[in-house]
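Chemist: Numbering follows our numbering, with no gaps: position 267 of the sequence shown is 319.
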Amino acid sequence: MEKIGFIGLGIMGAPMAGHLLDAGYEVVASDHRRKPPADLIAKGLKAVSGHDAVARVVDIVITMVPDTPQVAEVLFGEKGVADGLSRNKLVIDMSSISPIETKEFAKKINALGCDYLDAPVSGGEVGAKAASLTIMVGGEERAFERARPVFEKMGKNITLVGANGVGQTTKVANQIVVALTIEAVAEALVFASKAGADPAKVRQALMGGLANSRILEVHGERMIKRTFAPGFRIELHQKDLNLALEGAKSLGVALPNTSNTQQLFSACAANGGAKDDHSGLVKALELLAGHAVA
53 MEKIGFIGLG
63 IMGAPMAGHL
73 LDAGYEVVAS
83 DHRRKPPADL
93 IAKGLKAVSG
103 HDAVARVVDI
113 VITMVPDTPQ
123 VAEVLFGEKG
133 VADGLSRNKL
143 VIDMSSISPI
153 ETKEFAKKIN
163 ALGCDYLDAP
173 VSGGEVGAKA
183 ASLTIMVGGE
193 ERAFERARPV
203 FEKMGKNITL
213 VGANGVGQTT
223 KVANQIVVAL
233 TIEAVAEALV
243 FASKAGADPA
253 KVRQALMGGL
263 ANSRILEVHG
273 ERMIKRTFAP
283 GFRIELHQKD
293 LNLALEGAKS
303 LGVALPNTSN
313 TQQLFSACAA
323 NGGAKDDHSG
333 LVKALELLAG
343 HAVA
């Protein structure tokens with residue numbers, strides 16, 4: 053089994069790395085900013101000083117950090133991954149970042165004699181903990197096949213969708229669908245609740261018909277029970293929709309409902325909800341309606 057470096061042990065990264073440890077992989081992390089979680093240390097996670105040190109002692113480096121600048125810093129900053137790479141190693145970025153920048157990152161890593169995969173995920177904290185993530189991969193097929201056994205320990209629906217950057221493009225498309233579906237569920241529950249219906253029973257009824265979705269099931273329940281601890285933060289979904297809107301502008305594509313949903317996320321953030329779960333979007337609609345779902 054190849055030795056794996058894992059950089060970014062947050063809400064998503066920690067359970068993902070935990071599954072690799074449970075499967076018997078030797079996993080190495082960096083204590084660059086803070087010590088790795090104690091439960092992962094107890095499972096056998098090793099910590100070294102600096103991202104370059106991680107890259108030197110492993111075969112595969114996985115990054116799982118919030119945004120494009122953080123990936124750039126981890127890979128190419130001082131004591132970055134690139135400084136510790138040697139030929140034939142594999143870098144896998146599982147963050148959700150710019151498709152355009154991803155292509156440039158891949159070129160730089162390829163120039164060092166290493167392969168690069170962009171492999172963003174969908175499924176949130178629940179999927180990360182259950183090892184049921186959807187993984188959307190961009191890169192060369194040989195690199196994908198090398199990484200497949202690792203991906204299979206973290207996810208279920210694993211697809212090579214194209215060349216470097218296409219994985220990130222797929223994730224942006226995913227985030228459009230997720231955001232607009234959250235908005236639709238929120239609108240429906242606000243409407244039903246203000247009309248005098250029991251939103252919990254409305255949700256239960258809708259789950260038996262064509263309107264059913266994973267978002268109605270999970271996030272609809274969050275909206276009703278007011279459980280807005282992330283999950284996936286509104287501020288991160290804002291970042292993803294910014295990527296969608298910037299890409300749409302460069303392509304000459306109109307994304308009117310994506311733009312409207314981003315405004316609702318912005319309203320939530322302006323009212324202190326930036327770190328709420330993205331199901332908290334319902335709060336913006338509740339403000340507009342003068343009525344809370346619960």
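All C-beta atoms, glycine included, are put in the ideal place defined by N, C-alpha and C. Here the structure is a predicted model, which means the values were calculated and not measured.
If the criterion is Cβ atoms closer than 8 Å, does the pair A344 and L316 meet it?
Modeler: Contact: no.
Chemist: Run through the segment 93-158 for me and flag every whole beta strand (DSSP E) of 3 or more residues, listed as ranges in chain order.
Modeler: Complete beta strand (DSSP E) runs here, min 3: 98-100, 112-115, 142-145.
Chemist: Please name the residue, chosen from A183, D104, I161, I112, that lies closest to A75 on a Cα-to-Cα basis.
Modeler: If we check each option's Cα against that of A75, A183 comes out closest.
Chemist: Report yes or no: do the segment 119-128 and the segment 86-102 share at least 3 C-beta pairs separated by less than 8 Å?
Modeler: The segment 119-128, when compared against the segment 86-102, does not touch it at the 8 Å Cβ threshold.
Chemist: Helix, strand or coil for T279 per DSSP?
Modeler: T279 falls in the coil class under three-state DSSP.
Chemist: Relative to the C-alpha of V323, which candidate in A263, E338, S311 has its C-alpha closest?
Modeler: Contrary to the premise, residue 323 reads as Asn rather than Val in this sequence. N323 has its Cα closest to that of E338, out of A263, E338, S311.
Chemist: For A81, name the three-state secondary structure that DSSP assigns.
Modeler: Strand.
Chemist: Around the Cβ of S101, are there at least 16 other Cβ atoms within 10 angstroms (buried) or fewer (exposed)?
Modeler: Exposed, by the Cβ-count rule.
Chemist: Mapping DSSP to helix, strand and coil, what is M68?
Modeler: The answer is helix: DSSP assigns M68 an H, G or I state.
Chemist: Measuring only the C-alpha atoms, how far is G132 from D104?
Modeler: Near 5 Å, if we compare the C-alpha coordinates of D104 and G132.
Chemist: Look at the alpha carbon of G219 and the alpha carbon of R194, and state the distance between them as a whole number of angstroms.
Modeler: About 16 Å.
Chemist: If the criterion is Cβ atoms closer than 8 Å, does the pair V189 and T154 meet it?
Modeler: Cβ atoms of V189 and T154: not closer than 8 Å.
Chemist: Between the C-alpha atoms of V242 and L258, what's the straight-line distance to the nearest angstrom?
Modeler: Answer to the nearest angstrom: the Cα atoms are 14 Å apart.
Chemist: Run through DSSP, which three-state label would D250 get?
Modeler: The answer is coil: DSSP assigns D250 none of H, G, I, E or B.
Chemist: V143 and V113 - do their beta-carbons sit closer together than 8 Å?
Modeler: Contact flag set, yes.
Chemist: Please classify D328: does DSSP put it in a helix, a strand, or coil?
Modeler: Coil, per DSSP.
Chemist: Just how far apart, CA to CA, sit L268 and Q256?
Modeler: Approximately 9 Å, taken between the alpha carbons.
Chemist: Can you tell me the Cα-Cα spacing of P308 and E235, whole angstroms?
Modeler: Using only the alpha carbons, I get a separation of about 13 Å.
Chemist: Hey, would you say G272 sits closer than 8 Å to V230, going by beta carbons?
Modeler: For G272 and V230, no; Cβs fall outside 8 Å.
Chemist: To the nearest whole angstrom, what separates the beta carbons of K141 and D170, a pair I think is in contact under 8 Å?
Modeler: About 16 Å separates the two Cβ atoms, so there is no contact after all.
Chemist: Can you tell me whether A249 is buried or exposed, with buried defined as 16 or more other CB within 10 angstroms of its CB?
Modeler: Classification of A249: exposed, given that the 10 Å Cβ count is below 16.
Chemist: Whose C-alpha, out of M206, Q290, G342, is nearest the C-alpha of D329?
Modeler: Of the listed residues, the one whose Cα sits closest to D329 is Q290.
Chemist: Can you give me the start and stop residues for the beta strand (DSSP E) that N209 sits inside?
Modeler: Run containing N209: 207-214, per the beta strand (DSSP E) assignment.
Chemist: Rounded to whole angstroms, what's the CA-CA distance from P374 to T186? Just pull it up for me.
Modeler: Residue 374 is absent from the model: the chain starts at 53 and stops at 346.
Chemist: Which one of G65, I59, M53, E54 has the shortest CA to CA distance from M206?
Modeler: Residue G65 is the option with its Cα nearest to M206.
Chemist: Roughly how many whole angstroms lie between the Cα atoms of P282 and E177?
Modeler: So the alpha carbons of these two residues sit roughly 8 Å apart.
Chemist: Do you know how far the Cα of R86 is from the Cα of C166?
Modeler: Roughly 28 Å separates the two Cα atoms.
Chemist: Since E287 contacts A244 with CB under 8 Å, what's their CB separation in whole angstroms?
Modeler: Actually they do not touch by this definition, with Cβ atoms about 28 Å apart.
Chemist: Short of 6 Å in beta carbon distance, which residues of its chain neighbour G217, apart from the five on each side in sequence? Order them along the chain.
Modeler: Excluding sequence neighbours, G217 sits near P151, T154, K155, G190.
Chemist: If I59 and V109 are in contact, beta carbons under 8 Å, what's the gap, nearest whole angstrom?
Modeler: Not quite, the Cβ-Cβ distance comes to about 13 Å (not below 8 Å), so this is no contact.
Chemist: Considering Cα atoms alone, identify which of L333, A163, K181, T115 is closest to I149.
Modeler: Nearest C-alpha to I149: T115.
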